[in-house]
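Everything on this sheet refers to the single structure shown next.
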DNA sequence: TCGCTACTATGACCGCTGTCATAATCAGCC
DNA sequence: GGCTGATTATGACAGCGGTCATAGTAGCGA
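Chains as they are written, first to last, in my numbering: chain A, 23 to 220; chain B, 23 to 220.
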């Protein structure tokens with residue numbers, strides 16, 4: 023998560039995502055987001071006239087795009103071009119963060135889903151869209167790695183589901199073992215789906 | 023989730039779990055819990071002198087025990103005594119609820135993890151304990167179904183991780199497909215782990 | 001200089017939250 | 001009846017939440 027000097031608007035969206043993934047949507051205040059972004063409070067109603075709903079929606083969308091873009095970069099850097107290696111790379115991003123910075127934060131998309139799925143349909147739709155933005159390039163990557171087109175989408179869904187759940191458990195237990203375990207256990211299944219070696 | 027006429031204390035814990043799994047921890051107020059349980063407001067500070075932290079902790083613990091107990095019942099009722107059938111039964115509980123009552127609620131343990139993992143260490147520990155309370159009988163059931171003892175714990179972790187993630191996605195997308203998909207995709211892997219048929 | 005637009009500043013409002021203090025009521029038992 | 005402890009009732013409090021209203025400033029083209 024690079025922190026380049028973009029405009030204040032983008033910084034606020036980024037800060038919102040960061041705070042949401044740590045404390046959840048409801049515990050993240052608008053004033054807190056502005057302060058964290060080093061942005062003036064008055065800019066909130068200027069850039070986000072739709073209020074918190076809009077800000078949270080954009081933060082979720084940002085996170086979805088971020089996750090989607092990372093897929094391509096993971097694929098490029100794989101030592102072994104296999105689905106299991108891709109999954110391992112996705113999980114490694116989390117184990118590295120947890121080893122480095124502690125277990126303070128989880129996935130902002132998951133946080134928004136938990137806190138807003140029942141109460142805010144716009145955010146709920148943004149969460150669904152974010153999952154799609156994440157899943158689509160992952161499925162394409164699987165196809166490129168030799169997984170039949172008919173299975174790629176389902177395996178992508180399995181991978182993201184498993185990863186999200188493992189993040190949840192790892193954070194609760196303050197231990198990366200859930201992440202390393204699911205990587206180890208799921209790997210063979212993913213590689214067995216390859217019919218045409220890349 | 024039966025609603026027997028237990029004491030007001032237990033009803034409040036149960037109501038807390040229900041409200042938390044729908045709206046998250048932070049959006050669930052103490053007064054709301056009492057009202058939902060049909061309990062007097064004054065009973066809150068009587069039964070839960072530890073405040074919201076205690077109430078949420080007990081709700082999470084309750085949910086963990088509930089999930090753990092269901093495992094044994096699922097195993098009893100399996101038409102085919104296989105790990106994949108057990109996993110399917112666990113997921114079916116969610117697809118049935120979503121088909122019947124809509125996608126209003128998720129898992130209370132996951133909700134508590136998202137909302138409190140970073141801010142409330144007592145609740146965070148309760149979440150971790152709840153996962154253990156859930157995972158342990160599941161691992162034992164897998165062993166009873168013929169999975170080698172060394173793999174049971176890891177597969178139980180994989181199953182719960184995947185299920186939690188699928189619940190998240192299903193709720194966001196208002197579609198049970200994530201649940202049915204992970205059941206279909208993970209099933210063969212689970213059954214392949216059986217070395218000694220039950 | 002004027003005017004216009006983009007952005008910032010600030011204070012107020014109302015509603016809600018968790019918590020506490022205090023008192024009333026009730027159940028059971030001597 | 002009268003005492004005792006468990007339960008309930010109620011009001012207050014201080015804090016924070018998102019949002020709005022209003023005014024101010026900065027930059028820039030004409």
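Just so it is clear, CB atoms sit at the ideal spot from N, CA and C, and this is done for glycine as well.
Of B/162, B/145 and B/94, the smallest CA-CA separation from residue 42 of chain B is found for B/145. Rounded to whole angstroms, residue 36 of chain A and residue 156 of chain A show a C-alpha spacing of 17 Å. Between the alpha carbons of residue 56 of chain B and residue 70 of chain B lies a gap of roughly 12 Å. The count of Cβ pairs closer than 8 Å, one atom from the segment 90 to 101 of chain B and one from the segment 188 to 205 of chain A, stays below three, leaving the stretches out of contact.
In the three-state DSSP reduction, residue 101 of chain B falls in the coil class, being neither helix nor strand. With respect to residue 147 of chain A, residue 85 of chain A sits apart: the two C-beta atoms are not nearer than 7 Å. Considering only A/44, A/30, A/33 and A/48, the residue with the shortest C-alpha distance to residue 142 of chain A is A/48. Under a criterion of Cβ atoms nearer than 8 Å, no residue of chain B is adjacent to residue 165 of chain A; the nearest Cβ is some 16 Å distant. Comparing C-alpha distances from residue 109 of chain A to each of A/123, A/196, A/161 and A/136 shows the shortest one belongs to A/161. Around the beta carbon of residue 121 of chain B, a 10 Å sphere encloses fewer than 16 other beta carbons of the protein chains shown; the residue is thus reported as exposed. Taking a contact as a CB-CB distance under 8 Å, the pair residue 136 of chain A and residue 46 of chain B counts as one, their CB atoms being some 5 Å apart. Shown here, residue 96 of chain A sits in a helix according to DSSP, grouped into three states. Inter-residue distance for residue 152 of chain A and residue 83 of chain A is about 5 Å (C-alpha atoms, whole angstroms). Each of B/178, B/193, B/117 and B/124 was checked against the Cα of residue 208 of chain A, and the nearest Cα belongs to B/178.
Between residue 113 of chain A and residue 169 of chain A, the CB-CB gap reaches or exceeds 7 Å. Going by beta carbons, residue 193 of chain A and residue 124 of chain A fall outside the 7 Å limit.
Excluding five sequence positions before and after residue 164 of chain B, the CB atoms of its chain that fall closer than 7 Å to its own CB belong to 105, 174, 177 and 178, given in chain order. Nearest C-alpha to residue 138 of chain A among A/197, A/50 and A/32: A/50.
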